[in-house]
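Novice: Encoded as structure tokens, here's the structure I'll be asking about.
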Amino acid sequence: MSSTIPITVCHDDNGGGCGGDFARKSAPGLCYKCAKLSTLEEGSELFAQWMNFKQCVGCGLAMRHLLGPSCGSCTKHDGRASGGHTHRDYAPRIALQASQDTRAHAMDTRMSKHPAPAFAPGGPLAGSGTGSGGKLNNVAIGFVCPLQAAKKGTSGLSGDFGQWYMTFSRHEQMADVLKEVLEALNKQWSRKHGMDLENTEVELRLAGNKAFIPGTENGSVGEICTQYLSGPLSAQYGQVTKVKAPAGKHAGSAASYAQATLHLEVYIDQVAVSIEAAASTYAQGRKRAGTQLVMEDSALRQKRAALGMFLRPSSGRYMSTERGKSLSITIQKAVSVCSRDSGEVSVSWPENGSQVPAIIHSSVFASGHTKVMTIDLEEQLYVAKRVVNAGPGGNIITARENEMFLEMELIRVKVLNYFLQQFLEEAHTQGIEHYRDIVVTDAILVREIGAPSEVSSFPPGDVDGAVWLVESKRARSIIKFCGTMGHPSKSDKMALTVQALLHFIYEKSGGAKVYADMQGTKAIIDGREKLVLFDPMSHTPKSKSGLGDQGKTGILAFVSQHECDYVCISLGLSPLDADDVNISDSETEEDEGEKDE
């Protein structure tokens with residue numbers, strides 16, 4: 012039967028495949044995308060990402076950022092075959108961009124006395140024929156933080172914090188834009204109110220207090236501009252480009268023209284701020300809700316990083332390392348399995364495991380005990396992490412110790428996902444109101460084949476090799492729910508759900524496990540916005556779950572600080588009381604194994 016099916020059709024003998032017909036597919040079997048999906052676990056974060064990748068209609072190649080319906084190779088091939096222009100597939104895209112820019116320039120002509128000519132240097136269509144103009148790749152965004160007027164008898168909004176502008180790449184995610192705006196705003200806010208705002212207390216809106224259409228607020232800057240600045244909604248949302256022409260003989264020159272500007276407002280949920288401020292005083296002094304030490308996560312703000320959107324947060328905990336090296340390496344993937352019955356995780360390295368080429372870049376950050384890089388793996392960009400030091404002494408660790416700590420971190424992630432699935436299922440079954448769109452990052456361990464790379468910083472003769480923990484790249488903007496030793500109560504549904512999840516884990520583990528340092532970031536998965544949890548920490552009775560495990564002290568910190576919310580109560584979780592905890596009597600499977608020995 013399969014012999015009658017053309018090799019250009021995606022299929023296999025087991026009935027798999029999408030059935031697509033790709034004219035330049037040169038081998039029988041599955042197309043590139045279906046072949047990749049067959050190697051991934053269905054329902055995993057990576058599987059969902061690949062499902063959303065665009066696919067070339069010519070050869071079936073799948074890519075995250077495919078331009079047009081065909082890949083470059085097929086575009087060139089079709090161009091040679093027809094004798095036509097090899098970039099004809101992109102003509103509609105260029106024409107659309109030019110049309111949008113022309114509309115913006117027409118508005119400038121009405122709003123400004125001396126706009127730059129459309130095709131003059133600095134004009135909106137300068138370089139549009141090649142698409143290489145800086146304007147097409149960057150957008151200036153103006154921000155204002157309006158607060159209700161305080162004087163009695165007045166109405167409307169007053170911009171107490173002024174107006175400022177920042178330039179962003181069209182590819183930058185709006186979640187990262189909010190992060191940068193918050194850092195700029197907090198420089199003034201903290202001086203007036205004593206504490207920094209958090210990203211859960213603010214949101215971006217379009218000028219005139221107009222909310223984004225649901226599902227669009229976390230897209231890219233370019234997508235926002237297309238939809239609201241020059242798209243069909245531009246008139247309703249009132250986005251205009253204002254250009255201030257300088258006085259004098261240079262009026263009307265190219266220098267007087269500024270690129271199209273998006274105008275946004277920073278909306279502050281003052282009710283949430285008031286609740287957080289009221290709950291932010293502890294015995295050790297005033298403490299920001301959501302931090303583990305006094306003002307830990309808002310200290311030492313740095314200037315905006317210029318290293319792109321794949322980097323980790325640029326707070327005081329992250330320090331720049333050497334940049335610029337990109338090395339080709341060969342890696343092997345570890346196999347990790349989490350038991351659905353017990354949640355026990357096993358990690359192994361297959362003796363004859365397949366070897367995969369990759370490119371690792373030494374360009375990111377050192378974060379506390381870890382060193383984070385970016386890695387190109389199977390045509391996708393990921394973040395790769397290794398442990399630099401362990402403990403307050405900052406002792407440099409060996410490759411073997413690095414592998415041990417990273418394996419512990421992987422187990423933490425897998426176990427967190429195990430409990431999360433139980434939690435979500437139970438809440439759904441009981442019909443309890445909760446934040447449903449939560450997932451845990453998909454992580455794997457990889458080992459460099461051969462001598463450790465220069466990027467790993469391990470000695471060339473280290474026989475244990477360099478091991479990395481690899482995760483999907485994510486936005487730099489993070490949402491912090493608790494610290495290592497601090498578990499504040501928050502009032503929004505997302506935070507209430509995470510707080511209840513921690514209580515659920517504590518109870519289901521028999522008091523032998525507390526998750527801490529919970530944080531996440533927003534991402535679009537399967538067309539839905541979801542919270543992706545990553546880099547969790549845990550506390551266990553014997554402090555053996557990995558770096559940061561504070562043992563009994565960490566467990567007691569959670570029990571004494573946690574406040575049950577409606578999710579905890581609806582799930583029937585037992586109230587927590589530090590006086591009732593007897594951690595010395597708690598036993599884990601590890602403890603029992605030691606007794607048997």
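Note that my numbering has the sequence shown beginning at 12, numbered continuously upward.
Backbone N, C-alpha and C define an ideal beta-carbon position, used for all residues, glycine too.
(1) Sort Gln432, His204 and Asp528 by Cα distance to Asp560 and report the nearest one.
(2) Considering only residues of the same chain and omitting the five flanking positions on each side of Glu420, which have a CB-CB separation below 7 Å?
(3) Taking buried to mean at least 16 other C-beta atoms within 10 Å of its own C-beta, is Thr440 buried or exposed?
(4) Please state if the CB of Tyr577 and the CB of Leu512 are separated by a distance shorter than 9 Å.
(5) Check each candidate in Met505, Val232 and Ile443 and name the one with the smallest Cα separation from Asn210.
(6) May I ask you to list the residues that DSSP assigns as paired with Pro368?
(7) Can you name the start and end residues of the alpha helix (DSSP H) that His614 belongs to?
(8) By DSSP, does Ala454 sit in helix, in strand, or in coil?
(9) Could you tell me whether the stretch 486–495 touches the stretch 523–538, using the rule of 3 or more Cβ pairs below 8 Å?
(10) Please classify Pro547 as buried or exposed, where buried requires at least 16 neighbouring CB atoms within 10 angstroms.
(11) In three-state terms, what does DSSP make of His274?
(12) Could you pull the DSSP bridge partners for Gln391 from this structure?
(13) Is the Cβ of His439 closer than 9 Å to any Cβ of chain C?
(14) So, Gly153 versus Gln174, is the Cβ gap smaller than 9 Å?
(15) Per DSSP, Gly557 forms a beta bridge with which residues?
(16) Between the beta-carbon of Gly6 and the beta-carbon of Tyr43, is there less than 9 Å?
(17) If I measure Cβ to Cβ from Gly233 and keep anything under 6 Å in the same chain, skipping five residues before and after, which residues do I get?
(18) In angstroms, rounded to a whole number, what distance separates the CA positions of Thr341 and Asn428?
(19) From Gln391 to Ala222, what distance separates their C-alpha atoms?
(20) Just list the residues that DSSP pairs Lys541 with in beta bridges.
(21) Taking buried to mean at least 16 other C-beta atoms within 10 Å of its own C-beta, is Lys501 buried or exposed?
(22) Return the bridge partner residues of Tyr526 from the DSSP annotation.
(23) Between the C-alpha atoms of Glu307 and Ala401, what's the straight-line distance to the nearest angstrom?
(24) Is Trp479 helix, strand or coil by DSSP?
(25) Would you report the Cα separation of Cys575 and Pro586, rounded to the nearest angstrom?
(26) By the three-class DSSP mapping on this structure, what secondary structure does Phe172 have?
(27) Does DSSP put Gln441 in a helix, in a strand, or in coil?
(28) Please report the distance separating the alpha-carbon of Lys36 from that of Lys396.
(29) Where do the N-terminal and C-terminal ends of the beta strand (DSSP E) with Cys70 fall, by residue?
Specialist: Put simply:
(1) Asp528
(2) Leu480 and Gly557
(3) exposed
(4) no
(5) Met505
(6) Thr341
(7) No information on residue 614 is available, as it lies outside the stretch 12 to 608 that the chain covers here.
(8) strand
(9) yes
(10) buried
(11) strand
(12) Leu388
(13) No chain C is present in this structure, which holds just one protein chain.
(14) yes
(15) According to DSSP, Gly557 bridges with nothing at all.
(16) With the chain covering only 12 through 608, there is no way to say anything about residue 6.
(17) Arg181
(18) 29 Å
(19) 33 Å
(20) Ala534
(21) buried
(22) Ser549
(23) At Glu307 the pLDDT is 32, less than 50, meaning the model places this residue with poor confidence and gives no usable figure here.
(24) strand
(25) 7 Å
(26) coil
(27) coil
(28) 37 Å
(29) That residue, Cys70, is in no beta strand (DSSP E); it is neither H nor E in DSSP.
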